[in-house]
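Student: Every letter in the sequence shown is one number past the one before it in full-length UniProt numbering, and letter 158, counting from 1, is 158.
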Amino acid sequence: ALLLDLEAPLAPPKPNKVEPIAPVKQETPAQKVADKDSIDDILAELEAANISTKSKSHDKCKTTPTIPPRPNRNKPRTELSVEVVGPQSVEKQETLADTHLPRCTGCKQGIEGEVNTYLGVDWHEGCFKCTTCKEVLTSDLFFQTKGKPYCKDDYEKLNSQKCAYCNKHINDGVVNALGRTWHKDHFFCSQCGVAFNGDPFHEKDGKFFEYETRAYCELHWHGAKGTLCKGCDKPIEGICVTATGGTRYHPEHFTCHYCKKQLMSTTHKQNGEHYFCLTCNIKLFE
């Protein structure tokens, strides 16, 4: 079968179709110049586009790649971001919220609103209190000792002296005598109770009228010492007569109780509370 096919007559080749050739247009000199300008413009645009593309590519190569920032593993330290859970949450949140506020010296809490500054530190208005009795103080009436505030009474108790008679604090009118301090009204004669009131009459020759650490007026100072005249009950200054039993007299007041003659310390007799001359004593008692 194959041989038969080979021996079969070949079909004649098909004739090629000849396409008509279009006539070539002849360009005028003006058209050649215009076409040249157009080609030059196109080449210029292509060259510019190529340069721009290269420039962008070059710039892109020069650009440093952006490195993403590392995540911050340390959380920002802010007290306000802490969440408190539990029964103390309200108190804790309040503490965290007032950390930026001025601190009250009294309660140690933050001060919102008006700040009161006394003694160089800040206070809530109701926290400025007397150190001793805790009475709320005002800016126009308080006293201080060693940087601490006090009311008037406690300040005076803390800084005043005590009276030697009543053992109470002396606020004013202090009298210094006998090495102690006294209220004016409590510095008085130990015998009659007459107040000295700080007058200088309780001094004599630079000394107090005192006897056995007690203060006396002049009269009772002499009485305490036994230097009052038995005849006139007045102090004896100068010469005195000492009778039997130690009683003292002014010389002119030591007389016989019966005849009133002046006696001498060696020429008298005592009978009871009275003194007699020798003559009257014989007449009356012998």
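We treat Cβ as the ideally placed atom computed from N, Cα and C, and that holds for glycine.
Which of the three DSSP states, helix, strand or coil, is assigned to Asn116?
Tutor: It is a strand residue.
Student: Write down the C-beta distance between Ile111 and Leu119 rounded to the nearest angstrom, noting that I regard them as a contact closer than 8 Å.
Tutor: In fact, because the Cβ distance is near 15 Å, the residues do not count as touching under 8 Å.
Student: Spatial neighbours of Phe143 within its chain, please: CB distance less than 6 Å, with the 5 preceding and 5 following residues excluded, ordered by chain position.
Tutor: Only Tyr150 and Tyr155 meet the Cβ criterion.
Student: Are Cys259 and Cys280 touching if we call contact CB-CB under 8 Å?
Tutor: The answer is yes: Cβ separation under 8 Å.
Student: State the Cα-Cα distance for the pair Gln262 and Tyr275, rounded to the nearest angstrom.
Tutor: Between Gln262 and Tyr275, the C-alpha separation is close to 11 Å.
Student: Identify, in the order they occur along the chain, each residue of the same chain with its Cβ nearer than 6 Å to the Cβ of Lys148, setting aside the five sequence neighbours on each side.
Tutor: Once the five neighbours on either side are set aside, the close Cβ partners of Lys148 are Thr131.
Student: Could you give the distance in angstroms between the alpha-carbon of Gln191 and the alpha-carbon of His220?
Tutor: Between Gln191 and His220, the C-alpha separation is close to 6 Å.
Student: Which same chain residues end up closer than 7 Å to Lys225 when comparing Cβ atoms and leaving out the 5 residues on each side of it in sequence?
Tutor: Tyr211.
Student: Considering only DSSP beta bridges, list what Glu45 is partnered with.
Tutor: Glu45 pairs with nothing; no bridge assigned.
Student: Could you give the DSSP three-state label for Glu212: helix, strand or coil?
Tutor: Coil.
Student: On the three-state DSSP scale, how would you describe Ile282?
Tutor: Helix.
Student: Can you give me the C-alpha to C-alpha distance between Glu252 and Cys232, rounded to a whole angstrom?
Tutor: The alpha-carbon atoms of Glu252 and Cys232 are separated by roughly 10 Å.
Student: Would you say Gly106 and Cys133 are within 8 Å of each other, going by their C-beta atoms?
Tutor: Not in contact: Gly106 and Cys133 (Cβ atoms no closer than 8 Å).
Student: Can you tell me whether DSSP reads Pro102 as helix, strand or coil?
Tutor: If DSSP states are grouped into helix, strand and coil, Pro102 belongs with coil.
Student: At which residues does the beta strand (DSSP E) containing Tyr150 begin and terminate?
Tutor: Residues Lys148 to Tyr150.
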